[in-house]
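Numbering (our numbering), first residue to last: 1029 to 1391.
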């Protein structure tokens, strides 16, 4: 049987990879959210996980550029980049009274604020099964990780092709840790548009270009929830609760107009554009679901073969503003010493992103 919790934020191992000595919180098994059925599970998953989903989406679009200048044919750059998105303070909690739950309800309606995954490291409100005339505890909402920064490290490379056009690629090799893994790749391009603008193309300092980038990130985490985790007896099932997994796939598109001022050692750059994201969450395996029968009303909540769900959740987690397209504004600077580059930038969006990178560039 797999470990019954996601120790040290294992469902996003990138944090372990970068901040292993910092994060030591534990998250209870998220599979227990299926206890009240698929409708309630999807509502709870989205409310709890959305800050990190949105944070990853924002962080994944950072680091695509550190100048508006393109390479000559055969020129190249290799950069190690760390992007970190900041979860807004208001996204560290959510009001459970605003959720349209069907089979679950709050044990205490006055205890209605639950931490999101980015919230405080304390268990959330208790949920009970919503059975008329009968109260039985289902589970407590999981604690947060008390960590608002969502990092996205990656290796990025670019090569000049022709006519001021670069081919860009990025990669994070699949990292496995216990029963969790994460991996990422992306592809994009950049084109010099200054060369096509009469009167502007001869300016020695100013640089203008357009870029596009697509990034795909996947995570897979083993879960473990049994009937006793949701307040039920396991006396009627022949089901094995092994092989429970949570799979998340995040895809982002970004396009930006880039502008830069290149000086002998330092380059100031910025960009304005948009971000489009799509994130899908799936649960695989069998999950116990409470059986709302006469036996439950008698005080013996059970899970039966018929009430257990196979692969219960397949959903899209939406951006918290209800839109898949977000404006983004970026500003930063790059230092270049011979072929070595160091850059820092800041992106203003719903989830602000800080980026730092170290690389080698040969034009």
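Heads up, the beta-carbon is just placed ideally off N, CA and C, and yes, glycines get one too.
- How many Å lie between residue 1378 and residue 1202 at the Cα? The residue labelled residue 1378 in the question sits at position 350 within the chain shown. The residue labelled residue 1202 in the question sits at position 174 within the chain shown. Rounded to whole angstroms, residue 1378 to residue 1202 spans 28 Å at the Cα level.
- Item | Nearest residue (CA-CA) to residue 972, options 1277, 1191, 1094 | Coverage of the chain is limited to positions 1029 through 1391, which leaves residue 972 absent and any answer about it impossible.
- Excluding five sequence neighbours on each side, which residues of the same chain lie with their C-beta closer than 7 Å to the C-beta of residue 1143? Residue mapping note: residue 1143 aligns to position 115 of the chain shown, counting from 1. Within the same chain, residue 1143 has close Cβ partners 1120, 1121, 1150, 1152, 1171, 1172.
- Please classify residue 1309: is it buried, with 16 or more other beta-carbons within 10 angstroms of its beta-carbon, or exposed? Looking up residue 1309 in the chain shown gives position 281. The residue in question, residue 1309, is buried, as its Cβ has 16 or more Cβ neighbours within 10 Å.
- Task: Note down the Cα distance separating residue 1146 from residue 1079, rounded to an integer number of angstroms.
- Result: The sequence position of residue 1146 within the chain shown is 118, counting from 1. The sequence position of residue 1079 within the chain shown is 51, counting from 1. Cα to Cα, the separation comes out at about 7 Å.
- Task: State whether the segment 1223 to 1232 contacts the segment 1269 to 1276, with contact taken as three or more CB pairs (one from each stretch) at a distance under 8 Å.
- Result: no
- Under the three-state DSSP convention, the category residue 1100 falls into: Residue mapping note: residue 1100 aligns to position 72 of the chain shown, counting from 1. If DSSP states are grouped into helix, strand and coil, residue 1100 belongs with coil.
- Message: Using the Cβ count rule (16 or more neighbours within 10 Å means buried), how would you classify residue 1179?
- Response: Counting from 1 along the chain shown, the entry for residue 1179 is found at position 151. Under this definition residue 1179 is a buried residue.
- Item | First and last residue of the uninterrupted beta strand (DSSP E) at residue 1197 | Residue numbering aside, residue 1197 sits at position 169 when the chain shown is read from its first letter. Counting along the chain, the beta strand (DSSP E) containing residue 1197 begins and ends at 1193 to 1205.
- Message: Just to confirm the assignment: which complete beta strand (DSSP E) runs, minimum length 3, are found wholly within the segment 1243 to 1296?
- Response: 1272 to 1290
- Item | Among 1390, 1388, 1380, 1391, the one whose alpha carbon lies nearest that of residue 1111 | Stepping through the chain shown from its first residue, residue 1111 is reached at position 83. Nearest option by C-alpha distance: 1380.
- Item | Stretch-stretch touch, CB-based, cutoff 8 Å, three pairs: the segment 1212 to 1224 with the segment 1189 to 1198 | yes
- If you run the structure through DSSP and keep just helix, strand and coil, what is residue 1155? Against the chain shown, residue 1155 aligns to sequence position 127. The answer is strand: DSSP assigns residue 1155 an E or B state.
- In the DSSP assignment, find the unbroken beta strand (DSSP E) run with residue 1188 in it and report its ends. Here the question's residue 1188 lines up with position 160 in the chain shown. That run of the beta strand (DSSP E) goes 1177 to 1190.
- Message: Let me make sure I understand the geometry here. Which of 1117, 1128, 1358, 1224 has the alpha-carbon closest to that of residue 1374?
- Response: By one-based count along the chain shown, residue 1374 stands at place 346. Checked all of 1117, 1128, 1358, 1224; the closest Cα to residue 1374 is 1358.
- Message: Considering only DSSP beta bridges, list what residue 1107 is partnered with.
- Response: The residue you call residue 1107 lines up with position 79 of the chain shown. Answer is 1184, 1387, bridged to residue 1107.
- Message: Restricting to Cα atoms, I'd like to know which of 1123, 1157, 1287 is closest to residue 1234.
- Response: Within the chain shown, the letter at position 206 stands for residue 1234. The shortest C-alpha separation from residue 1234 is found at 1287.
- Return the residue from the list 1113, 1283, 1141, 1118 that minimises the CA-CA distance to residue 1125. The residue given as residue 1125 occupies position 97 in the chain shown. Measuring from the Cα of residue 1125, the nearest candidate turns out to be 1141.
- Message: Quick check on the burial criterion: 16 or more other C-beta atoms within 10 angstroms. Buried or exposed for residue 1331?
- Response: Walking along the chain shown from the start, residue 1331 turns up at place 303. Buried is the call here.
- Query: Between residue 1103 and residue 1390, which are expected to be in contact by the criterion C-beta below 8 Å, what is the C-beta distance as a whole number of angstroms?
  - Reply: On the chain shown, position 75 is the one that residue 1103 refers to. On the chain shown, position 362 is the one that residue 1390 refers to. Rounded, the Cβ-Cβ distance is 6 Å, consistent with contact.
- Three CB pairs or more closer than 8 Å across the segment 1335 to 1346 and the segment 1297 to 1314: yes
- Task: Could you spell out where the alpha helix (DSSP H) holding residue 1080 opens and where it closes?
- Result: Locating residue 1080 in the chain shown gives position 52, where the first residue counts as 1. Start and end: 1066 to 1088.
- CA-to-CA distance, residue 1256 to residue 1076, given in whole angstroms: Position 48 of the chain shown holds residue 1076. Position 228 of the chain shown holds residue 1256. Rounded to the nearest angstrom, the two C-alpha atoms are 22 Å apart.
- Could you tell me the distance, in whole angstroms, from the CA atom of residue 1282 to the CA atom of residue 1088? In the chain shown, residue 1282 corresponds to position 254, counting from 1. In the chain shown, residue 1088 corresponds to position 60, counting from 1. One C-alpha to the other measures close to 10 Å.
- If residue 1132 and residue 1064 are in contact, beta carbons under 8 Å, what's the gap, nearest whole angstrom? In the chain shown, the residue the question calls residue 1132 occupies position 104. In the chain shown, the residue the question calls residue 1064 occupies position 36. About 4 Å; that satisfies the 8 Å criterion.
- Query: Whose C-beta lies closer than 6 Å to the C-beta of residue 1350 among residues of the same chain, with five residues either side of it excluded?
  - Reply: Along the chain shown, read from residue 1 onward, the residue named residue 1350 stands at position 322. Confidence at residue 1350 is low in this model, with a pLDDT of 44, below 50, so the placement of that residue should be treated as unreliable; the coordinate-derived value is given next. So no residue of the chain qualifies.
- CB-CB length for residue 1297 against residue 1096, believed under 8 Å: Translated into the one-based positions of the chain shown, residue 1297 becomes position 269. Translated into the one-based positions of the chain shown, residue 1096 becomes position 68. The pair is a contact, with the Cβ atoms about 6 Å apart (cut-off 8 Å).
- Message: On the criterion of 16 or more Cβ atoms from any shown chain inside 10 Å, does residue 1175 qualify as buried, or is it exposed?
- Response: As a working mapping, residue 1175 is identified with position 147 in the chain shown. By the 10 Å Cβ count, residue 1175 comes out buried.
- Query: Roughly how many angstroms separate the alpha carbons of residue 1333 and residue 1208, rounded to a whole number?
  - Reply: Your numbering for residue 1333 matches position 305 in the chain shown. Your numbering for residue 1208 matches position 180 in the chain shown. Taking the straight line from one Cα to the other gives about 28 Å.
- Query: Which residue comes first and which comes last in the beta strand (DSSP E) that contains residue 1150?
  - Reply: Along the chain shown, one-based indexing puts residue 1150 at 122. It is not in any beta strand (DSSP E) - residue 1150 carries neither H nor E in the DSSP assignment.
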